[in-house]
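Data block below; observations after.
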Amino acid sequence: MTLQDDPPVESEPYKNRYLTIPNVICGFRIVGSLALLGLAISGRPTAFVVLFVVLHMSDWIDGRLARWLHQRSDFGARLDSLSDAILYGCLIIGCLLLKWEVLQKEAIWLAVPLICYAITVGYGLWKYGRVPSYHTQFAKWGNWLVLAAAVALLLDWSLWPLRIAAIGGTVTNLETIAMTYVLPNWTADVLSLRAALRLRSAQRQGSPVPADSPQE
4 MTLQDDPPVE SEPYKNRYLT IPNVICGFRI VGSLALLGLA ISGRPTAFVV
54 LFVVLHMSDW IDGRLARWLH QRSDFGARLD SLSDAILYGC LIIGCLLLKW
104 EVLQKEAIWL AVPLICYAIT VGYGLWKYGR VPSYHTQFAK WGNWLVLAAA
154 VALLLDWSLW PLRIAAIGGT VTNLETIAMT YVLPNWTADV LSLRAALRLR
204 SAQRQGSPVP ADSPQE
């Protein structure tokens with residue numbers, strides 16, 4: 004057999020696989036998120052904070068592993084978004100259980116980003132039939148703001164990180180809504196509205212778009 008007869012090497016061997024290291028980490032984050040509720044119900048804010056920090060760092064790690072190991076996939080992007088939604092949903096419920104009286108006074112700060120997020124999800128489901136998974140730069144920065152807000156709130160340091168995170172979450176969701184309006188088809192890992200506009204322009208011109216790297 005000559006070299007020309009050899010089967011081609013698959014350039015993205017993990018593209019259609021479900022069991023990858025990043026996806027396993029996402030599964031760990033989902034299970035750990037449910038454990039957060041148990042800690043909140045038992046009234047253990049310090050343990051809640053420690054576990055949330057670990058889960059938050061797992062979100063930071065899995066994305067980098069997916070890129071370094073070339074294990075990126077559409078399923079992985081959707082699973083990552085789902086695990087993030089479960090994590091932050093459990094965070095909100097846990098904070099309400101642990102800090103109900105404090106958060107009652109901050110209701111408007113929480114309501115605005117949550118409403119924007121609901122619109123983001125609803126619009127994506129209506130247009131694409133699935134939740135957007137852009138993983139924008141704003142979202143990445145916002146995740147760190149949420150981490151700071153949760154730690155400051157649960158350890159009784161300050162409420163200002165919570166308010167700043169709420170503003171950041173609102174801006175992130177507004178950008179996501181705009182990106183969903185711009186992009187005709189569901190696309191994962193588009194880092195910004197500017198990137199979405201460039202991607203739409205490239206698609207209209209028939210230019211090739213790399214499938215294995217974030218759209219920057």
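Quick note on the numbering used here: the sequence shown kicks off at 4 and runs consecutively.
Idealized CB from N, CA, C, for every residue including glycine.
For Asn-188, does the count of other Cβ atoms within 10 angstroms reach 16, so buried, or fall short, so exposed?
To locate residue 188, count along the sequence shown from 1; it is residue 185. Classification of Asn-188: exposed, given that the 10 Å Cβ count is below 16.
Express the C-alpha separation of Gly-132 and Asp-8 in angstroms, rounding to a whole number.
Reading the sequence shown from its first residue, position 5 is the one you call residue 8. Reading the sequence shown from its first residue, position 129 is the one you call residue 132. Confidence at Asp-8 is low in this model, with a pLDDT of 46, below 50, so the placement of that residue should be treated as unreliable; the coordinate-derived value is given next. Approximately 42 Å between the Cα atoms of the pair.
Are Asn-90 and Ser-36 closer than 8 Å when you measure CB to CB?
Taking the first residue of the sequence shown as position 1, residue 90 is located at position 87. Taking the first residue of the sequence shown as position 1, residue 36 is located at position 33. Reading the sequence as shown, one finds Leu at residue 90 and not Asn. Yes; because the gap between Cβ atoms is below 8 Å, this pair is in contact.
Can you give the Cα-Cα distance for Ser-161 and Ser-61, rounded to whole angstroms?
Translated into the one-based positions of the sequence shown, residue 161 becomes position 158. Translated into the one-based positions of the sequence shown, residue 61 becomes position 58. The alpha-carbon atoms of Ser-161 and Ser-61 are separated by roughly 25 Å.
What number of angstroms, rounded off, separates the C-alpha of Trp-71 from the C-alpha of Cys-29?
Start at 1 with the first residue of the sequence shown, and residue 71 comes out as number 68. Start at 1 with the first residue of the sequence shown, and residue 29 comes out as number 26. When rounded, the distance between both Cα atoms is 16 Å.
Could you work out which residue in Thr-179, Gly-79, Leu-150 and Val-57 is closest to Gly-66 when comparing CA atoms only?
As a first step, residue 66 must be located in the sequence shown, where it is residue number 63. Residue Gly-79 is the option with its Cα nearest to Gly-66.
With a cut-off of 8 Å, does the C-beta of Thr-139 fall near any C-beta of chain C?
The displayed structure is made up of one protein chain only, and chain C is not part of it.
Please list the segments of the alpha helix (DSSP H) lying wholly inside the region 149-191, counting only runs of 4 or more residues, in order along the chain.
The qualifying runs are 163-185.
Please determine, among Leu-194, Thr-173, Ile-180 and Tyr-137, the residue with the shortest C-alpha to C-alpha distance to Arg-81.
Here residue 81 corresponds to residue number 78 of the sequence shown, with the count starting at 1. Among Leu-194, Thr-173, Ile-180 and Tyr-137, the Cα nearest to that of Arg-81 belongs to Tyr-137.
Measuring straight from C-alpha to C-alpha, what distance separates Ile-167 and Thr-183?
Looking up residue 167 in the sequence shown gives position 164. Looking up residue 183 in the sequence shown gives position 180. One C-alpha to the other measures close to 25 Å.
Would Ala-142 and Thr-175 qualify as a contact pair, given that the criterion is a beta-carbon distance under 8 Å?
One-based indexing of the sequence shown puts residue 142 at position 139. One-based indexing of the sequence shown puts residue 175 at position 172. Contact flag set, yes.
Taking the CB atoms as reference points, tell me whether Leu-186 and Arg-197 lie closer together than 8 Å.
As a first step, residue 186 is located in the sequence shown; it is residue number 183 there, counting from the start. As a first step, residue 197 is located in the sequence shown; it is residue number 194 there, counting from the start. No, the pair does not count as a contact, with Cβ atoms beyond the cut-off.
Check for me: the alpha helix (DSSP H) holding Gln-107 runs from which residue to which?
Within the sequence shown, numbered from 1, the residue matching residue 107 stands at position 104. Element bounds for Gln-107: 103-107.
Going along the chain, which residues of its own chain have a beta-carbon closer than 7 Å to the beta-carbon of Asp-77, five neighbours each way excluded?
Locating residue 77 in the sequence shown gives position 74, counting from the first residue. Closer than 7 Å at the Cβ level, and outside the excluded window around Asp-77, lie Ala-191.
Work out the CA separation of Arg-201 and Val-34 for me, nearest whole Å.
Here residue 34 refers to the residue found at position 31 of the sequence shown. Here residue 201 refers to the residue found at position 198 of the sequence shown. If I take the Cα positions, the gap works out to 37 Å.
What is the DSSP secondary structure of Arg-48, reduced to helix, strand or coil?
Position 45 of the sequence shown holds residue 48. For clarity, residue 48 is Pro in the given sequence; the question names Arg instead. Helix.
Let me know the secondary structure DSSP gives Tyr-137 once reduced to three states.
Walking along the sequence shown from the start, residue 137 turns up at place 134. Tyr-137 falls in the coil class under three-state DSSP.
What does the alpha-carbon distance come out to for the pair Phe-55 and Leu-94?
Here the question's residue 55 lines up with position 52 in the sequence shown. Here the question's residue 94 lines up with position 91 in the sequence shown. About 8 Å.
Which term fits Glu-178, buried or exposed, when burial requires 16 or more other beta carbons within 10 angstroms of its beta carbon?
Sequence index remark: in the sequence shown, residue 178 carries index 175 (1-based). Classification for Glu-178: buried.
Using beta-carbon positions only, say whether Leu-157 and Lys-102 come within less than 8 Å of one another.
Translated into positions along the sequence shown, residue 157 becomes position 154. Translated into positions along the sequence shown, residue 102 becomes position 99. Contact flag set, yes.
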